[in-house]
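Q: If you scroll down you'll find the structure; I have some questions about it.
Given below as structure tokens:
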């Protein structure tokens, strides 16, 4: 079940930003791995990030459909202007 079926594509795109970690990992490896215990720092940093975001997920995420998924319907009774009746913007004079 999606948390917001009307915005599933947008949410998948935002989640895809998690792939940016692929850029951060090599940079942190270069920065921390110049020392003999560099791998300890890299693994510790990765574990801390994982734990922080996992805690956020456990505390703040539900599987319910979110309120912001729903939008206000336009009443069919209201008269909508036809496309040809819509005023067109005039080009600016030079």
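Residue numbers (the UniProt record's numbering): 1 to 94. All C-beta atoms in this analysis are idealised placements derived from N, C-alpha and C, irrespective of residue type, glycine included.
1. Threshold first: 4 residues or longer. Then list the alpha helix (DSSP H) segments lying entirely within the segment 16-42, N to C.
2. Can you look up residue 108 in the DSSP assignment and give me helix, strand or coil?
3. Looking only at C-alpha atoms, which of 55, 21, 67 sits nearest to residue 46?
4. Alpha carbon to alpha carbon, what distance is there between residue 33 and residue 9?
5. Can you find the residues in the same chain that come closer than 6 Å, C-beta to C-beta, to residue 41, ignoring five residues on each side of it along the sequence?
6. So what's residue 10 in DSSP terms, helix, strand or just coil?
A: In short:
1. 21-32
2. Outside the shown range of the chain, which is 1 to 94, sits residue 108, and nothing can be said about it.
3. 21
4. 38 Å
5. 32
6. helix
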